[in-house]
Structures are given as structure tokens and as C-alpha cells.
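Input: a single structure, listed below in C-alpha cells.
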Amino acid sequence: TPSTVRATVADLVPADDGKITTPAVQIDELHKSFGSLLVLKGVNLTAHAGEVISMIGSSGSGKSTFLRCINLLEQPDGGKVAIDGEVIKMKPLANGRLGPADMAQVERIRARVGMVFQNFNLWPHMTVVENIVEAPRHVLKEPREKAVEHAHALLKKVGLAEKHAHYPGQLSGGQQQRAAIARTLAMRPKVILFDEPTSALDPELVGEVLRVIRQLAEEGNTMILVTHEMQFAREVSHKVLFLHQGKVEEEAAPAELFGSPRSERLRQFLARTL
Ligand code: ADP
Ligand code: MG
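Take the sequence shown: its letter number 176 is residue 162 in my numbering, and every next letter is one higher.
Below is the structure:
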């Protein structure tokens, strides 16, 4: 379609194994303000297919805003967002900022970028299986039978096969979050964004959700994970970014970032967290 802009040669960045591929996610110089509050001040991130990138940082450093800009829940003010080589076209708005030019493109991008929220965000009036088939039915136009079959397979994968006819309110927080992950997977996303997926859970329910996320990592899903679970981030990530006041303060492989942090701010943050 005319609104699709393919990546140029300059957008192709070699992966760690040296192969030249189109990144699943490429963010360049992302800026975002709310009124006079500068929240993101030029954030860069490249995620190749199969990579897990974790993002850590203090409350208020801009982690959620960053994820929300990737799937266009927030409109970036400046910078470039490309999903699987498709550059999101933004046009200048009357207020001098940038806005996505094309709602069709926004819909297309959202369908490819899955998001798992801290508070699950399941529809309370729908059963678990109805929650899962909703978007594939209406966005991907999947036939009901096929969508339901896929939903049951996903519920089995997250250990909730028996709960398909339950309403969210009848499930524990850990079960609701696993259902929310199944709902995200139902769209076969190119990348999955997790925004503190275990922060709202009682401690004894954290493990069952992390196990599912770990399995998704091992299966080669591309994921960007905002988390306070440092040990988990260390184990599953290919790369960890430390965000501080809207900028990436440090970025490294997990063993290096956690093992020998260079910046004083990161050292202080880790000392407070671990
Ligand atoms: P984090 O997820 O790292 O805790 P957020 O991205 O949620 O940080 O927030 C970063 C800053 O942006 C905070 O100061 C927050 O109050 C502010 N902020 C986030 N969303 C909005 C909004 N919709 N309107 C105004 N300010 C916001
Ligand atoms: Mg947040």
C-alpha cells in the first residue's frame, strides 16, 4: 500500500551473529512530552527477531511511555518507529508535534505489536475464551471456529485449559495475567511488549507468570520487557537497557550490565533494587 514505507539500507543493522536482517523493532531518537514535561528525550532501541530486551529504571523514568509509543497508544513527538521494516509515517500536527498520518497504518502496527499490561486489562464481561478470540475475529477476520481452536491451544500452553469458560473475576491474578498473555499471542504478534507484567501480583503468583514468559523467550519470540524482576531479566534477556529520566543511561548484555555497571546512577539503582 502507498502508506507502507519499507526500510532503507541504512535501517538494516547487523544482528549479533553478523547477519544483516530487518529489525523486528527499530526506534530512533524517540521523543515524547506531556505538556511541558519532557518524558522521553531521544531513546534508541533495536530488537532483532528472537531477541528479548529488558528495560529497567526507576518509577517515572518513562518506561511505560516508551512501550506505549511503540504500539502508538501514545503519539511520539519526534523520532522514528519501525516495526518489521515498516516505518510509521508521522505528519506534523497543528501544535507543531508529529502524529501518525494514517489510521490504517496505526491499526496495522497495533495488530503486529502485542502488549501485556500490569493490570491484565481483560474484558470483565467476557469469558476467557471470548477475550482471546475477540481481536483475531474482528481485526484479523479469522473464522470463529479457527479462532476458538487457536484460543484453546493457547490456553493449554499457558496452563489454563480448564478455565476457558470462566470470567476474569473468577480467576486469580496470576491466572488472569496468563489469560492476558494468551490473548496477546492470539494475534500472532511480531513483537510482544510487557509492562511490569508481575508487579500487580501477590508474590506467590509471580512465578507462574514468569514461567510462561520464559517459555515464550525460549521459543524465540521477540519481546521487550519492562520489569523489576532483576534476576529474571538477567536470565532471559539478550540485552538490558537502563532508562534514567527519559534517556538510555546504560545498555549492555545482562551479565555485564548487572555484573559491572558503569554508571553511578545504575549502581545506585541496583543497590536499591537488589
Ligand atoms: P515509568 O513507567 O517508568 O514509571 P511513565 O512512562 O509511566 O514512567 O511516566 C513517565 C512520566 O510521564 C511520569 O512523570 C508520569 O507522571 C508522566 N506521564 C505519563 N503518562 C502521562 C500522561 N498521559 N499525561 C501526563 N503525564 C504523564
Ligand atoms: Mg510504568
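Note that CB positions come from ideal geometry on N, CA and C, so glycine has one too.
For residue i, tell me which candidate among the options has the shortest Cα-Cα distance.
i           : options               : result
residue 136 : 156, 169 and 160      : 169
residue 105 : 210, 147 and 155      : 155
residue 205 : 188, 143 and 67       : 143
residue 152 : 108, 181, 178 and 174 : 108
Would the beta-carbon of residue i be found less than 7 Å away from any heavy atom of the ligand MG?
i           : result
residue 49  : yes
residue 190 : no
Please state whether DSSP places residue i in a helix, a strand or coil.
i           : result
residue 127 : coil
residue 311 : There is simply no residue 311 to check, as the chain begins at -13 and stops at 260 in what is shown.
residue 28  : strand
residue 53  : helix
residue 151 : coil
residue 143 : helix
residue 156 : helix
residue 80  : coil
residue 7   : strand
residue 229 : strand
residue 120 : helix
Report yes if the C-beta of residue i is less than 7 Å from at least one heavy atom of the ligand ADP; otherwise report no.
i           : result
residue 23  : yes
residue 244 : no
residue 40  : no
residue 46  : yes
residue 43  : yes
residue 20  : yes
For residue i, count neighbouring Cβ atoms within 10 angstroms of its own Cβ and tell me buried if that reaches 16, exposed if not.
i           : result
residue 50  : buried
residue 209 : buried
residue 139 : exposed
residue 250 : exposed
residue 62  : buried
residue 77  : exposed
Item checked: Start-end ranges of the beta strand (DSSP E) lying completely within the segment 158 to 226, minimum 3 residues -> 177 to 181 and 209 to 212
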